[in-house]
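Heads up: the structure comes next, in structure tokens.
There are 2 protein chains.
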Amino acid sequence: MPSPCIDCLQYANWSEKVFQQMRAGGVDAVHVTITYHETFRETVANIATWNRYFEQFPDLIMHGREATDIRRAQETGRTAIFFGSQNPSCMEDDIGLVEVLHTLGLRFMQLTYNNQSLLATGCYEAEDTGLTRMGRAVVAEMNRVGLVIDMSHSSERSTLEAIEASTRPITITHANPANWHPALRNKSDAVLKSLAESGGMLGFSLYPHHLANGSECSLEDFCAMVARTADLMGVDRLGIGSDLCQDQHDSVVSWMRNGRWTKNTDHGEGSAAMAGFPPQPQWFRDNRDFSNIAEGLADVGMSQSEIDGILGGNWLDFFTDNFAAPAASEPEAGPVFGKRSATA
Amino acid sequence: MPSPCIDCLQYANWSEKVFQQMRAGGVDAVHVTITYHETFRETVANIATWNRYFEQFPDLIMHGREATDIRRAQETGRTAIFFGSQNPSCMEDDIGLVEVLHTLGLRFMQLTYNNQSLLATGCYEAEDTGLTRMGRAVVAEMNRVGLVIDMSHSSERSTLEAIEASTRPITITHANPANWHPALRNKSDAVLKSLAESGGMLGFSLYPHHLANGSECSLEDFCAMVARTADLMGVDRLGIGSDLCQDQHDSVVSWMRNGRWTKNTDHGEGSAAMAGFPPQPQWFRDNRDFSNIAEGLADVGMSQSEIDGILGGNWLDFFTDNFAAPAASEPEAGPVFGKRSATA
């Protein structure tokens, strides 16, 4: 079985076309965002929508619940879809919903989107007060059930405290190093090093606002950045989280940024002059272009095994260790659980 | 592995004491009611409460999701708890919640409690209009995902139409024959015969309002009724659904009867003079008394294998066939699916 191709963050306007492009691109698994500011009940409605996709397109996609589902997807020529949330709104103020959402298939949850949440501080707040009391309780509960912590949109101190408080490795599924492109959403070397040392994972973003030179970013520049980050974090701590927002209407990015929290218009990483989704770089338009990244990484000197790891093998290992309760609490034998140290 | 002891309906005021009595009584699996008139969100809160029980009492109980969990419970000395709803309030007006609730562990859902629902007619209504348009859609969806239809509280025509419309066998988890005790909640011979011919199951109730002579019903009388019902339906179509409501405050039976649908007080099977829970018969006080029923069935001439079937073996077979999607829709080999005919 070849090493799988895994994209650890997309939020497309889902359609048969997008699912067919996943197959055309050989994408074996995708972590899809199913909810931003939605309540629990609204999130469940989104899950019901996904259940209809699974019923409607059984030859293209399947619901991914465990890492082994990726192998099953490869064997049956489908893409395994794993659910994630970009904000903890879906769990409301109820710690009992952590396990319920995990049972419904949620595998990643950001402790914040851009704002302060009940759990931690988002990267657009002026003050970062770190994990809240509830944040620490929820981190422990997420560790218990196997719901992976994602700090992609969180601020520096909150992220460092989440790495420290979590007994299991965490993720930044879609962001890039701030040393390459200093955006509020990109991450400091201190965060990236701490993430790597605790066995966590970084997914490189292909969203233009996270790229040096935005939509004009070159493949060479992107891949050279990946290679430098491998030197910093260890090559097996790296994957892709493209943040592909394909075919979305611009009203969707407004929902992502404004939810129901303001009556004004927040432009987030955009601006009044550029309020919508920015155009993708020419070398990564959609799911069919992962091979361009593989070629670009080869051109900056990476080996095939390193490329296989970044394109999906590293996420597969991470999923295997982190999507279920820790092995110790299961009566049956399970995968080895624990933080791993960086290897490079 | 001995034939399991299964009770297919309880709604106790759950506690460590009750769980310990399940163990003391050798009860391997219980279908517990988790919701009556609650909304979806309220039902999820009840599930979260159960998740805490599973976390708190891992040596006594475990969450049952598949029939094989009963064998696992037997092997580890625990009771497998299967979830059910006595009303479709939990799915609101949203057919997408059928699959969501199944994913969260729901294995039985009554199409009605005592009143007209969105799906069918309850046994206390003056007019029975049978399955509604939504009722037929929901029956098909319940068949698809493996959520078992329960018509314990439904009226005659609705029950016959549910048996006819369903492509999989259905249940009356907790009721008795009306020919023995003519209560609104007990069932006609026509319903019982149709249920048996379609491969469905009847669970005998030990709730005093369903018993001839109520709390004073004798074990002998009850067991003779079981034997006569075996002649009518076939002995393998029978099980127990005790309707045990142990340690509940009388306010709970008021919630069951009145929910939020009336500002008056409906006494259901009770009366103003006897508004609360009636006392249990002396020979079935709680989970420790299933052996009395086994002895009583032997005394009316039933064989050990017939008694094993009624005390749990028949429910085990039914659970095995009906708690998952039909075999044909699964890529892997699964249990044989289909209605079975009565054997006696």
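Those sequence lines, one after another, are chains A and B. Start counting the first sequence at 1; every next residue gets the next number (the numbering used here). Start counting the second sequence at 1001; every next residue gets the next number (the numbering used here). Using N, Cα and C, we set each Cβ at its ideal position, and we do this for glycine too.
Nearest-angstrom beta carbon gap, serine 1205 of chain B and proline 1281 of chain B [assumed within contact, 8 Å]: At roughly 11 Å, the Cβ-Cβ gap does not stay under 8 Å, so proline 1281 of chain B and serine 1205 of chain B are not in contact.
Within chain A, the residues that isoleucine 1047 of chain B reaches when beta carbons sit closer than 7 Å: Val100
Which of helix, strand or coil DSSP assigns to valine 1148 of chain B: strand
Contacts of leucine 1097 of chain B in chain A (Cβ-Cβ under 8 Å): Val44 and Ala48
Determine the closest residue to glutamine 116 of chain A out of A/Glu127, A/Asn213 and A/Met109, with distance taken between C-alpha atoms. A/Glu127
May I have the straight-line CA-CA distance separating alanine 1048 of chain B from tryptophan 255 of chain A, to the nearest angstrom? 30 Å
Classify aspartate 236 of chain A as buried or exposed, calling it buried when 16 or more other Cβ atoms lie within 10 Å of its own Cβ. buried
Which first and last residues belong to the alpha helix (DSSP H) in which glycine 1296 of chain B is found? 1290–1299
Let me know if threonine 1159 of chain B comes out buried or exposed under the rule of 16 or more other beta-carbons within 10 Å of its beta-carbon. buried
Counting C-beta neighbours from all protein chains within 10 Å, is the total for alanine 67 of chain A 16 or more, i.e. buried, or is it exposed? buried
Cysteine 8 of chain A - DSSP class collapsed to helix/strand/coil: strand
Is arginine 41 of chain A close to chain B, meaning its C-beta is less than 7 Å from at least one C-beta of that chain? yes
Going by the DSSP bridge assignment, what does alanine 29 of chain A pair with across the sheet? A/Ile6 and A/Ala80
So if DSSP puts methionine 274 of chain A in a beta bridge, which residue, or which two residues, is it bridged to? A/Ser271
The region 1110–1136 of chain B: which residues have C-beta closer than 8 Å to a C-beta of chain C, in chain order? The displayed structure is made up of protein chains A and B, and chain C is not among them.
Does the contact criterion of 3 or more C-beta pairs under 8 Å hold for the region 12–22 of chain A versus the region 239–250 of chain A? yes
In angstroms with no decimal places, state the Cα-to-Cα distance between threonine 1343 of chain B and alanine 1230 of chain B. Its pLDDT being 43, under 50, threonine 1343 of chain B is placed unreliably in this model, and the value from its coordinates should be taken loosely. Each residue's alpha carbon lies about 10 Å from the other.
Assign proline 331 of chain A to one of three DSSP states: helix, strand, or coil. Annotation note: pLDDT 46 at proline 331 of chain A (below 50); position unreliable, coordinate value reported separately. Note: proline 331 of chain A maps to coil in three-state DSSP.
Identify whether glycine 338 of chain A lies in helix, strand or coil by the three-state DSSP scheme. Because glycine 338 of chain A sits at a pLDDT of 46, beneath the cut-off of 50, its placement in the model cannot be relied upon, and the following sentence gives the value as read from the coordinates. Correct three-state label for glycine 338 of chain A: coil.
Which chain B residues sit within Cβ distance under 8 Å of asparagine 51 of chain A? Gly1096, Glu1099 and Val1100
Do we get a CB-CB distance below 7 Å when we pair threonine 103 of chain A with the residues of chain B? yes
Is it buried or exposed for asparagine 944 of chain B, if we count other Cβ within 10 angstroms and need 16 for buried? Absent from the model: residue 944 of chain B. The displayed extent of chain B is 1001 to 1344, so no value can be given.
Could you tell me whether the region 1275–1289 of chain B touches the region 1186–1203 of chain B, where touching means 3 or more Cβ pairs closer than 8 Å? no
Quick one: is asparagine 1114 of chain B buried, meaning 16 or more other Cβ sit within 10 Å of its Cβ, or exposed? buried
Spell out the partners DSSP gives phenylalanine 1204 of chain B in its beta bridges. B/Ile1240
Just the Cα atoms here: how many angstroms apart are leucine 1106 of chain B and threonine 1171 of chain B? 15 Å
Helix, strand or coil, according to DSSP, for serine 1305 of chain B in the structure here? helix
State the Cα-Cα distance for the pair aspartate 93 of chain A and histidine 153 of chain A, rounded to the nearest angstrom. 20 Å
Rounded separation between proline 1002 of chain B and leucine 1311 of chain B - CA only: 12 Å
Cβ pair alanine 175 of chain A, lysine 193 of chain A closer than 7 Å: no
Evaluate aspartate 1069 of chain B with the Cβ neighbour count: other Cβ atoms within 10 Å of its Cβ, from every protein chain shown; 16 or more gives buried, anything less gives exposed. buried
Closer than 6 Å: is that where the CB of valine 300 of chain A sits relative to any heavy atom of the ligand HEM? The ligand content of the structure shown is nil, which means the ligand HEM is not present either.
Length of the line joining the Cα atoms of serine 1305 of chain B and isoleucine 1006 of chain B: 15 Å
Would you call asparagine 1314 of chain B buried or exposed, if buried means 16 or more other Cβ atoms sit within 10 Å of its Cβ? buried
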